[in-house]
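Participant: Residue numbers for the sequence shown follow the numbering used here, so the first one is 1333 and each next one is one higher. In this text, a Cβ means the ideal position worked out from N, Cα and C, and glycines have one as well.
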Amino acid sequence: MAKYLISFPAAAMQVPEHELAQVGHDAHAVIEEAKAAGVYVFAGGIDESIAPTLVAADGKVTAGGYTWAPELNGGFTVLELATREEAIAWATRIAKACRCNQELRVFGLDTQS
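Structure follows, in structure tokens:
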């Protein structure tokens, strides 16, 4: 079993205002299906109203994130699945519900965590 990150940046979701409630309903339905299937780990969205904070190894705190990196926003789902094919199938369901493409990544296995 591997954990998969299924995500999208906020700009990818180009949904008319009048469809947002339905998108939310459809997305939550897929999450409920993942929970019922026993593959759900975590899901959510980045709260864009709270700016990121960069914390250094010495404890120094700086407002903002990495200046050289693209902004991290949007939504994400983490599922634990047996195969990449299953991950693609779930990503397809999420893409349909959210009305936007999803990026699929697998977490590396760290046996000590």
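Return helix, strand or coil for Ala1359, following the three-state DSSP convention.
Facilitator: helix
Participant: Please classify Val1393 as buried or exposed, where buried requires at least 16 other C-beta atoms within 10 Å of its C-beta.
Facilitator: So Val1393 ends up on the exposed side.
Participant: Can you tell me whether Phe1340 is buried or exposed? The criterion is at least 16 other CB atoms within 10 Å of its CB, across all chains shown.
Facilitator: buried
Participant: Provide the residue span of the beta strand (DSSP E) that contains Ile1338, from first to last.
Facilitator: Judged by DSSP secondary structure, Ile1338 falls within the beta strand (DSSP E) whose first and last residues are 1334–1340.
Participant: Within this structure, are the beta carbons of Asp1358 and Ala1419 separated by less than 7 Å?
Facilitator: no
Participant: Reducing DSSP to helix, strand and coil, say where Leu1413 ends up.
Facilitator: strand
Participant: Distance check for Arg1431 and Val1355, CA to CA, integer angstroms please.
Facilitator: 7 Å
Participant: My assumption, with CB atoms under 8 Å, is that Trp1422 sits in contact with Ala1375. Please give the rounded CB distance.
Facilitator: The pair is not a contact, with the Cβ atoms about 11 Å apart (cut-off 8 Å).
Participant: At what residues does the beta strand (DSSP E) containing Gly1377 begin and finish?
Facilitator: 1372–1377
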